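Have a look at the structure below, then the notes.
Residue numbers (my numbering): 68 to 228.
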């Protein structure tokens, strides 16, 4: 069902892409942390922000205000550049990849998915990677309608099952 767009404000767009990486206990190792920051810079094109633990959890041996991960938010040109590289260069390198599930939309119309390792990005040299870390990627859109979000991402050649 195609909805009539009243004004330019109602055109569905992607607002931003948030990329997170959790390093866990390995964030305390300065060499691994620096390599992870460099990988983030190569993949996203901008320097990541560090994330810290909000409170202590003894079960995870986690203390308050310890570094646990990296995050960055991409907007405008960097966002579209990352999305094109992800869809056309990185995802085709995954084995047995049939597409993403349509069940990963939240109630606000945003799409969330994870990538298990960073080796699929052509910017990285696989010989220099000591550990395989994944990414959590969130695509935040301007609309909450599920069908409009699916058609928006499909128009950008996003691979769905």
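Don't be surprised by glycine CBs; every beta carbon is placed ideally from N, CA and C.
Keep in mind the model is a prediction, meaning the values are calculated, not measured.
Length of the line joining the Cα atoms of residue i and residue j
i, j, result
"residue 137", "residue 202", "10 Å"
"residue 164", "residue 134", "33 Å"
"residue 143", "residue 223", "15 Å"
"residue 219", "residue 79", "7 Å"
"residue 192", "residue 122", "36 Å"
CB contact flag (residue i, residue j, <8 Å)
i, j, result
"residue 104", "residue 188", "no"
"residue 139", "residue 180", "no"
"residue 210", "residue 83", "no"
"residue 182", "residue 226", "no"
"residue 86", "residue 146", "no"
Residue i - partner residues in DSSP beta bridges
i, result
"residue 83", "207"
Contact test: residue i Cβ vs the ligand GDP heavy atom, cutoff 7 Å
i, result
"residue 189", "The model depicted lacks the ligand GDP and carries no ligand whatsoever."
| message | Quick check on the DSSP output: what are the complete beta strand (DSSP E) runs of length 3 or more inside the stretch 88-159, in order along the chain? | response | 116-119 and 134-141
| said: Just to confirm the assignment: which complete alpha helix (DSSP H) runs, minimum length 4, are found wholly within the stretch 164-225? | reply: 213-222
| Touch check for the stretch 150-167 and the stretch 115-132: three-plus C-beta pairs under 8 Å? | no
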